[in-house]
Amino acid sequence: MNFLQKIIAVWQKINVVQRALLIAIILAMGAIGTLLTYWAKLPDMQILYSDLSPEEASKITDKISEKGIAYELRNGGKRVYAPSEKIYQLRIDLAKDGLPGGDKGGYSLFDNEKIGISPFVQNINLKRALQDELAKSIQMIDGVSYARVHIVSSEQALFNSNQPQTSASVALKLKPGYRLSGTNIAAIANLVAGSVEGLKTENITIVDSEGQLLSSQANGGTAANSAGTVQDYKERVEQNLANKVEQMLIAVLGPGRATVRVSAEVNMISIQMVTETYNPTGKVPTKEETKSNSETEPATSGEAGKTLAGGIKKDETSTTEYLVGKTVEQKSSVPGTVTSLSVAAVVDLSPAETNQPQTAGAAAKIMPLAEVEKLIETALGLNLKGRDSLKVVEAKFYHPAVIPEDIPSPKKLDYIAIARNASLGIMAISALLVLKIFTRASKKAASEAPMQLPAGAEAIGMLPGGAQSAEPVVVRRQLTEVMRNNPDQARKLFVNWLQEK
Numbered sequence: 002m003n004f005l006q007k008i009i010a011v012w013q014k015i016n017v018v019q020r021a022l023l024i025a026i027i028l029a030m031g032a033i034g035t036l037l038t039y040w041a042k043l044p045d046m047q048i049l050y051s052d053l054s055p056e057e058a059s060k061i062t063d064k065i066s067e068k069g070i071a072y073e074l075r076n077g078g079k080r081v082y083a084p085s086e087k088i089y090q091l092r093i094d095l096a097k098d099g100l101p102g103g104d105k106g107g108y109s110l111f112d113n114e115k116i117g118i119s120p121f122v123q124n125i126n127l128k129r130a131l132q133d134e135l136a137k138s139i140q141m142i143d144g145v146s147y148a149r150v151h152i153v154s155s156e157q158a159l160f161n162s163n164q165p166q167t168s169a170s171v172a173l174k175l176k177p178g179y180r181l182s183g184t185n186i187a188a189i190a191n192l193v194a195g196s197v198e199g200l201k202t203e204n205i206t207i208v209d210s211e212g213q214l215l216s217s218q219a220n221g222g223t224a225a226n227s228a229g230t231v232q233d234y235k236e237r238v239e240q241n242l243a244n245k246v247e248q249m250l251i252a253v254l255g256p257g258r259a260t261v262r263v264s265a266e267v268n269m270i271s272i273q274m275v276t277e278t279y280n281p282t283g284k285v286p287t288k289e290e291t292k293s294n295s296e297t298e299p300a301t302s303g304e305a306g307k308t309l310a311g312g313i314k315k316d317e318t319s320t321t322e323y324l325v326g327k328t329v330e331q332k333s334s335v336p337g338t339v340t341s342l343s344v345a346a347v348v349d350l351s352p353a354e355t356n357q358p359q360t361a362g363a364a365a366k367i368m369p370l371a372e373v374e375k376l377i378e379t380a381l382g383l384n385l386k387g388r389d390s391l392k393v394v395e396a397k398f399y400h401p402a403v404i405p406e407d408i409p410s411p412k413k414l415d416y417i418a419i420a421r422n423a424s425l426g427i428m429a430i431s432a433l434l435v436l437k438i439f440t441r442a443s444k445k446a447a448s449e450a451p452m453q454l455p456a457g458a459e460a461i462g463m464l465p466g467g468a469q470s471a472e473p474v475v476v477r478r479q480l481t482e483v484m485r486n487n488p489d490q491a492r493k494l495f496v497n498w499l500q501e502k
């Protein structure tokens with residue numbers, strides 16, 4: 002009996018429910034096999050480039066199509082995916098073509114400049130190139146995803162002295178969750194002003210994508226204004242002082258065993274004071290006048306008692322004016338002075354966990370709490386008798402369990418891999434069901450099949466009295482031959498005899 006005949010025999014022996022189940026299993030296995038074949042042919046797609054403009058994505062996909070490589074566009078066409086085994090080679094090949102080059106040409110605008118272009122177009126291209134280069138530099142700042150720069154400069158006139166000043170505008174698109182401080186805004190303004198001749202920082206306007214004016218946060222010459230708003234300056238002072246204390250405590254207690262918070266009261270009032278001090282003892286002559294009146298005696302002759310005319314009368318007067326000395330002292334108080342500090346700290350003074358036995362009480366601590374308070378007071382220069390305050394609390398810090406490095410971090414679910422494994426499991430279960438159905442049907446068909454006995458044995462097997470009518474020697478020979486040639490049929494023969502009895 003060949004394989005096809007066996008299948009037909011099994012098909013005839015199973016019932017309708019088993020036939021329907023068998024057909025469904027075969028169809029399911031065929032569909033799953035087709036899907037597995039399709040999934041096996043799909044490449045492992047990895048990200049090639051992200052945050053692309055439509056123009057760049059179009060150029061990149063055209064180059065990939067020319068090479069006959071499959072690709073995918075996701076995230077609204079801003080991301081291009083390619084097979085993982087060709088990622089690096091594609092990036093090298095696309096870099097030869099200058100892709101992705103960005104939508105800002107920069108000075109590359111002059112690479113393919115035509116001969117005979119007018120000076121007006123050259124000036125426009127020069128301004129465009131400068132704007133693009135500045136935008137590229139601004140986009141290198143952390144938190145800025147996109148930038149545009151517009152420069153307005155007036156033409157040089159020979160006989161016009163009242164020319165408008167050069168100005169610029171910068172539009173920024175920030176990444177989600179980022180906020181530029183006043184220092185960053187001031188840096189952008191100085192970057193643009195230092196790149197354009199005749200441009201001053203006060204003539205630069207900076208706005209974000211939400212329409213908020215940012216350049217006002219960087220205006221002014223005081224220390225607080227250069228750092229941003231008053232709150233920004235206050236936070237910077239507090240963070241700087243807290244970091245100073247935490248670094249000192251980490252060196253003694255170890256990492257993750259001290260937390261310090263500082264609240265500073267900052268005086269943001271600017272005062273200019275002029276003091277004049279007079280010195281009565283210090284006299285400075287400013288004016289001196291001298292008047293003199295004198296009279297001379299008249300001359301006498303040789304004769305006795307005879308006086309000659311010619312006598313002169315003179316008066317002398319001296320006047321001196323003095324100015325009282327004074328001292329002029331001018332003082333200017335710059336805003337940003339810290340007037341008081343409030344410090345709160347939580348420290349863990351328990352020793353590190355070791356195998357050595359630890360003593361109880363104060364001896365088990367790394368250092369006394371009073372010494373920690375003295376260290377913080379000295380490091381920050383606190384005046385606890387004045388307006389400053391300090392509070393240090395000792396507590397056991399919570400340390401999460403450390404995950405061994407050899408255990409890989411959980412990855413995102415790969416639904417395609419899950420579907421493949423599930424399909425393989427379904428195929429295995431279906432194969433077991435089909436094997437079980439065929440096994441039962443084969444056993445049933447074999448039990449019901451007619452036995453092939455040698456000549457003379459049919460009468461013995463079918464007729465209960467056949468063994469009595471035949472010769473004992475003949476019966477013994479026939480049974481021996483049947484048991485030797487076909488033991489299974491001999492066993493079934495004896496079973497039939499027992500059932501008939």
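Numbering (our numbering), first residue to last: 2 to 502.
Each residue gets a CB set at the ideal place from its N, CA and C atoms; glycine is no exception.
If you're wondering where the values come from, they're calculated on a predicted model, not measured in any experiment.
At a cut-off of 6 Å, would you count residue i as near the ligand ATP, judging by its Cβ distance to the nearest heavy atom?
{"i": "ALA148", "result": "Summarising the ligand content, the structure contains no ligands, and the ligand ATP is consequently not present."}
Per DSSP, what kind of secondary structure is residue i in: helix, strand or coil?
{"i": "VAL153", "result": "strand"}
{"i": "ARG258", "result": "coil"}
{"i": "GLU198", "result": "coil"}
{"i": "VAL81", "result": "strand"}
{"i": "SER138", "result": "helix"}
{"i": "LEU49", "result": "strand"}
{"i": "ILE189", "result": "helix"}
{"i": "ILE552", "result": "The shown model of the chain, from 2 to 502, leaves out residue 552, and the question about it has no answer."}
{"i": "ASN241", "result": "helix"}
{"i": "SER431", "result": "helix"}
{"i": "ARG388", "result": "coil"}
{"i": "GLN273", "result": "strand"}
{"i": "SER54", "result": "coil"}
{"i": "ASN268", "result": "strand"}
{"i": "LEU91", "result": "helix"}
{"i": "ASN126", "result": "helix"}
{"i": "LEU181", "result": "coil"}
{"i": "PRO411", "result": "Summary for PRO411: the model assigns pLDDT 49, below 50, so the residue's position carries little reliability; its value from the coordinates is reported in the next sentence. In this structure, PRO411 counts as coil in the three-state DSSP scheme."}
{"i": "PRO488", "result": "helix"}
{"i": "ASN497", "result": "helix"}
{"i": "PRO120", "result": "helix"}
{"i": "TYR399", "result": "coil"}
{"i": "SER168", "result": "strand"}
Would you report the Cα separation of residue i and residue j, rounded to the nearest angstrom?
{"i": "LYS68", "j": "VAL81", "result": "15 Å"}
{"i": "ILE33", "j": "ALA96", "result": "42 Å"}
{"i": "VAL325", "j": "GLU277", "result": "12 Å"}
{"i": "ILE272", "j": "SER333", "result": "6 Å"}
{"i": "ARG129", "j": "PRO120", "result": "14 Å"}
{"i": "SER182", "j": "ASP143", "result": "11 Å"}
{"i": "PRO369", "j": "ALA265", "result": "27 Å"}
{"i": "PRO488", "j": "LYS7", "result": "22 Å"}
{"i": "SER351", "j": "LEU242", "result": "25 Å"}
{"i": "LYS327", "j": "LYS375", "result": "47 Å"}
{"i": "TYR503", "j": "ARG262", "result": "Residue 503 cannot be examined here, being either before or after the span of the chain that is shown, 2 to 502."}
{"i": "PRO101", "j": "GLN132", "result": "19 Å"}
{"i": "VAL1", "j": "LEU494", "result": "Since the first residue of the chain shown is 2 and the last is 502, residue 1 is not available in this structure."}
{"i": "GLN90", "j": "TRP40", "result": "24 Å"}
{"i": "GLN248", "j": "SER343", "result": "18 Å"}
{"i": "GLY426", "j": "ARG75", "result": "31 Å"}
{"i": "ASP94", "j": "THR184", "result": "40 Å"}
{"i": "GLN507", "j": "THR338", "result": "The requested residue 507 does not occur in the structure, where the chain is confined to residues 2 to 502."}
{"i": "ILE118", "j": "LEU127", "result": "13 Å"}
{"i": "GLY387", "j": "THR340", "result": "10 Å"}
{"i": "SER146", "j": "ALA172", "result": "11 Å"}
Considering only C-alpha positions, which residue in the set the options is nearest to residue i?
{"i": "VAL394", "options": "LYS288, ASP209, THR260, GLY326", "result": "THR260"}
{"i": "ILE88", "options": "GLY77, GLU73, GLY78, LYS79", "result": "GLU73"}
{"i": "ALA353", "options": "LYS201, GLU266, LYS366, ALA429", "result": "LYS366"}
{"i": "GLN213", "options": "LEU175, LYS201, VAL17", "result": "LEU175"}
{"i": "SER431", "options": "PHE495, THR38, GLN19, VAL11", "result": "GLN19"}
{"i": "THR35", "options": "MET428, LEU494, ARG477, LEU436", "result": "MET428"}
{"i": "GLY257", "options": "LEU434, GLY117, ALA346, MET141", "result": "ALA346"}
{"i": "LEU254", "options": "ILE207, VAL348, SER196, THR206", "result": "VAL348"}
{"i": "SER170", "options": "GLN123, ALA58, ILE205", "result": "ILE205"}
{"i": "GLN509", "options": "ILE152, ILE438, GLN490", "result": "Because the chain is modelled from 2 through 502, residue 509 falls outside the range shown and cannot be assessed."}
{"i": "LEU215", "options": "VAL197, ILE152, PRO165, ALA190", "result": "ALA190"}
{"i": "ALA188", "options": "GLY178, ILE207, ASP233, ALA25", "result": "ILE207"}
{"i": "PRO286", "options": "PRO177, ALA371, THR321, GLY77", "result": "THR321"}
{"i": "PRO44", "options": "GLU372, SER66, SER85", "result": "SER85"}
{"i": "LYS392", "options": "TYR399, GLU372, PHE398", "result": "GLU372"}
Which residues does DSSP list as the beta-bridge partners of residue i?
{"i": "LEU209", "result": "A small correction: the amino acid at residue 209 is Asp; Leu does not occupy that position in the sequence shown. Answer is LEU173."}
{"i": "THR328", "result": "THR278"}
{"i": "LEU23", "result": "For LEU23, which the question treats as bridged, DSSP gives no partner whatsoever."}
{"i": "THR338", "result": "ASN268"}
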